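Engineer: Quick note, the sequences are listed as chains A and B, same order.
Note that the numbering used here gives residue 242 to position 245 of the first sequence, counting from 1, and the numbers run on in steps of one.
Note that the numbering used here gives residue 258 to position 126 of the second sequence, counting from 1, and the numbers run on in steps of one.
Just so you know, even glycine gets a beta-carbon here, dropped at the ideal spot from N, CA and C.
Computed from a prediction, not measured in an experiment: that's the story for all the values here.
Once you've had a glance at the structure underneath, I'll fire off some questions.
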Amino acid sequence: MNDTPLLQVEGLSKRFGRIAACDDIGFDLHDGEVLGIVGESGSGKTTLLRCLSALIAPDRGTVRYRMRDGSRRDVFALSEPERRLLMRTDWGFVHQNPRDGLRAHVSAGANVAERLMAVGARHYGEIRERATDWLARVEVDTARIDDAPRTFSGGMQQRVQIARNLVTHPRLVFMDEPTGGLDVSVQARLLDLLRGLTADLGLSAVIVTHDLAVARLLSHRLMVMRGGQVVEAGLTDQVLDDPQHPYTQLLVNSVLQP
Amino acid sequence: MTDPTFPTMIDLAGVSKAFTLHAQGGVRLPVLDRVDFAVRAGECVALVGPSGAGKSTLMRLVYGNYRCTTGSIGIRHDDEVIDLAAASPRTILAIRRRTLGYVSQFLRVVPRVPTLEVVAEPLRMLGVDKAEAVDRARILLARLRVPERMWSLPPATFSGGEQQRVNVARGFAADYPILLLDEPTASLDAANRDTVVALINEARERGAAIVGIFHDAAVREAVATRTFDIEGVRAAA
Ligand SMILES: Nc1ncnc2c1ncn2[C@@H]1O[C@H](COP(=O)(O)OP(=O)(O)OP(=O)(O)O)[C@@H](O)[C@H]1O
Ligand SMILES: [Mg+2]
């Protein structure tokens, strides 16, 4: 295990007009760690995720990433091609709405294959085999590999999105409410899948959710956000079972046994 | 009965715990006051005291599930003593993976994961290969009389006693150097209670340091090498 953090975040701030969406946020993420971010809507979770993954630039602060060659780079100082390469190879981004993470007009198989081709895979048979493999792994009926995702249910679309992200073996995956718009039984299945995949692949992940049960199931560590600030952070079960901050206590007490 | 040359595995010094309930106007609920408590390898210490005195709280502190208000919680891990009160989440998780086993009062079920995998998981996390981990899980489930036809089902729909046996099997799957047991026999029949007693004694004989809460006096008699009375460290309310 590497002792240098994979991701190191310091003093990250982002304002939208007069609203501080993220205010002086810092944390380390190590290999194989899953960090959950919880908090009410509007607390800055998604903005933080978008800053971390270099989708938007913060006003202040740094995000350092340990590249595969061991060098540590400030993600906002990367050149545009470098950043794009990182996003296609080393990082994954699972959006709440699968439509934001999939291409609607191409088949499920092609959606997965596209990521592989972006990292240089050229052999058609091999690409198709790996795409099929991944669709099976996320429990999508492989007989439907040539169908477009828009003909799939929400849960299936979400699984295709996950396959598309994981096929290139990223080291870090950002997820924004990955089980958000799904009904409860579909959610449980997806959660179970995500839990298995992160553990088996030793993935590092940052997962935004407003659902404390999801956070308990998937994350090792938790950050509780409110009004753009982290009010409490720590081991997931500690934060949920022995919350210290008034806001965390309020969150935990307002749900049935998270 | 315990060998004084055996290493101290758990070492609490000056541990206090109070809960602050912010929703109740910030009322402070002191539970434990300056606990000094040490357990060696090969000991099984039964926590005793009335309901609500803080037995489970003490156990959760040792597991790193609750944070102490003051004091230090030394845990021997890989031949090094680490203070849980100051350890990073990453370190606590590593300690739980290899050193600290905990059988809680109730099983927290994960949807869709079959019983056999629930029990084998602690071994899998230690890097034991799947076949071996599953073999061990089978042996434990059989000893605890969980019918084989249930092994492939997730325990979510099991009865209280069945879930508790799955929970016990999971807790004993890996040979943890430290075991924390919160009423492991609570909803079990006599035969299964005897099995759990045997499992606890076997673990102690291989050198585990064990802390348990056992409401059943006969069970306590059968497993404990000494008792620790919570009454003596209970915070004045
Ligand atoms: N997470 C928590 N937040 C607030 N108060 C708590 C929490 N956990 C325990 N307490 C309080 O701490 C006190 C001790 O509880 P604990 O569960 O440790 O008792 P116990 O000795 O295990 O009792 P029993 O024998 O009934 O299981 C109780 O007053 C309980 O309400
Ligand atoms: Mg108790």
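1) So residue 202(B) is in the beta strand (DSSP E); what residue range does that whole segment cover?
2) So residue 243(B) and residue 189(A) are supposed to be a Cβ contact under 8 Å. How far apart are they, rounded?
3) Got a sec: which bits of the stretch 145 to 156 of chain B sit with their beta carbon under 7 Å from any beta carbon on chain A, in order along the chain?
4) Quick check: the Cα distance between residue 360(B) and residue 225(B), rounded to an integer number of angstroms?
5) Going along chain A, which residues have a C-beta under 8 Å from residue 243(B)?
6) Any heavy atom of ligand 4 within a distance shorter than 7 Å of the CB on residue 124(A)?
7) Please tell me whether, using a cut-off of 7 Å, the distance from the CB of residue 150(A) to the nearest non-hydrogen atom of ligand 1 is below it.
8) Does any residue of chain B bring its CB to less than 8 Å from the CB of residue 138(A)?
9) Is the beta carbon of residue 151(B) less than 8 Å from the beta carbon of residue 167(B)?
10) Can you find a heavy atom of ligand 1 that lies under 7 Å from the Cβ of residue 193(B)?
11) Near ligand 1, which residues have their beta-carbon closer than 5 Å to a heavy atom?
12) In whole angstroms, what is the alpha-carbon distance linking residue 201(B) and residue 147(B)?
13) Between residue 381(B) and ligand 2, is there a pair consisting of the residue's CB and a ligand heavy atom that are separated by less than 7 Å?
14) Please give me, in chain order, every unbroken run of the alpha helix (DSSP H) with length at least 4 that falls completely inside the stretch 281 to 305 of chain B.
15) Who are the neighbours of residue 218(A) on chain B, taking C-beta pairs under 7 Å?
16) Which term fits residue 311(B), buried or exposed, when burial requires 16 or more other beta carbons within 10 angstroms of its beta carbon?
17) Should the stretch 150 to 166 of chain A be regarded as contacting the stretch 101 to 120 of chain A, the criterion being three or more beta carbon pairs within less than 8 Å?
18) Could you check what DSSP says for residue 256(A) in three-state terms: helix, strand or coil?
19) Since residue 370(B) is in the beta strand (DSSP E), which residue starts that stretch and which ends it?
20) My guess is that residue 145(A) and residue 118(A) are in contact by the Cβ rule of under 8 Å, so how many angstroms apart are they, rounded?
21) So, under 8 Å CB-CB, residue 172(B) and residue 356(B) are touching, yes? Tell me the CB distance rounded to an integer number of Å.
22) In chain D, what lies closer than 7 Å to residue 52(A) by C-beta?
23) Is it a yes or a no for the stretch 203 to 215 of chain B touching the stretch 13 to 33 of chain A, going by three-plus beta-carbon pairs under 8 Å?
24) Who are the neighbours of residue 243(A) on chain B, taking C-beta pairs under 7 Å?
25) Just mark residue -1(A) as buried or exposed, buried being the case when its beta carbon has 16 or more other beta carbons within 10 Å.
26) Indicate, with yes or no, if ligand 2 has a heavy atom lying under 7 Å from the CB of residue 345(B).
27) Starting from residue 391(B), follow the beta strand (DSSP E) in both directions and report where the run begins and ends.
28) Use the C-beta contact count for residue 4(A): other C-beta atoms within 10 angstroms, 16 or more gives buried, fewer gives exposed.
29) Quick check: does the Cβ of residue 361(B) come within less than 7 Å of any heavy atom belonging to ligand 2?
Structural biologist: In short, the structure shows the following:
1) Taking the second sequence and counting its residues from 1, the one referred to as residue 202(B) is at position 70. Where residue 202(B) is concerned, the enclosing beta strand (DSSP E) stretches over 202 to 209.
2) Sequence index remark: in the second sequence, residue 243(B) carries index 111 (1-based). Sequence index remark: in the first sequence, residue 189(A) carries index 192 (1-based). Between residue 189(A) and residue 243(B) the Cβ distance is about 6 Å, and since that is below 8 Å, they are a contact.
3) 154 and 155
4) Your numbering for residue 360(B) matches position 228 in the second sequence. Your numbering for residue 225(B) matches position 93 in the second sequence. So the alpha carbons of these two residues sit roughly 27 Å apart.
5) Here residue 243(B) refers to the residue found at position 111 of the second sequence. Chain A residues near residue 243(B): 185, 186, 188 and 189.
6) Looking at this structure, you won't find ligand 4 anywhere; what it does contain is ligand 1 and ligand 2.
7) Here residue 150(A) is taken as the residue at index 153 of the first sequence, counted from 1. No, the beta carbon of residue 150(A) sits no closer than 7 Å to any heavy atom of ligand 1.
8) Stepping through the first sequence from its first residue, residue 138(A) is reached at position 141. It does not: the Cβ of residue 138(A) has no partner Cβ on chain B nearer than 8 Å.
9) Reading the second sequence from its first residue, position 19 is the one you call residue 151(B). Reading the second sequence from its first residue, position 35 is the one you call residue 167(B). No, Cβ-Cβ distance for residue 151(B) and residue 167(B) is not below 8 Å.
10) Stepping through the second sequence from its first residue, residue 193(B) is reached at position 61. The answer is no for residue 193(B).
11) 151(B), 163(B), 183(B), 184(B), 185(B), 186(B), 187(B), 188(B) and 189(B)
12) On the second sequence, position 69 is the one that residue 201(B) refers to. On the second sequence, position 15 is the one that residue 147(B) refers to. In a straight line, the C-alpha of residue 201(B) is about 7 Å away from that of residue 147(B).
13) Here chain B has residues from 133 to 369 only, and residue 381(B) is not among them.
14) 292 to 305
15) Within the first sequence, the letter at position 221 stands for residue 218(A). Neighbours of residue 218(A) on chain B, chain order: 221.
16) Indexing the second sequence from 1 puts residue 311(B) at position 179. Buried: at least 16 other Cβ atoms inside 10 Å.
17) yes
18) Nothing about residue 256(A) can be read from this structure; chain A reaches only from -2 to 255.
19) With chain B running from 133 to 369 in the structure shown, residue 370(B) is simply not present.
20) Counting from 1 along the first sequence, the entry for residue 145(A) is found at position 148. Counting from 1 along the first sequence, the entry for residue 118(A) is found at position 121. The Cβ separation is near 22 Å, so there is no contact.
21) To locate residue 172(B), count along the second sequence from 1; it is residue 40. To locate residue 356(B), count along the second sequence from 1; it is residue 224. 14 Å between Cβ atoms; not a contact.
22) Judged by its chain identifiers, the structure shown contains no chain D, and its protein chains are A and B.
23) no
24) One-based indexing of the first sequence puts residue 243(A) at position 246. Within chain B, the residues near residue 243(A) are 154.
25) For this step, residue -1(A) is matched to residue 2 along the first sequence. Result: exposed.
26) Here residue 345(B) corresponds to residue number 213 of the second sequence, with the count starting at 1. Residue 345(B) Cβ: within cutoff of ligand 2.
27) Missing from the structure shown is residue 391(B); chain B here goes from 133 to 369 and no further.
28) For this step, residue 4(A) is matched to residue 7 along the first sequence. The residue is buried, with at least 16 neighbouring Cβ atoms inside 10 Å.
29) Translated into the one-based positions of the second sequence, residue 361(B) becomes position 229. Checking every heavy atom of ligand 2 against the Cβ of residue 361(B), none is found closer than 7 Å.
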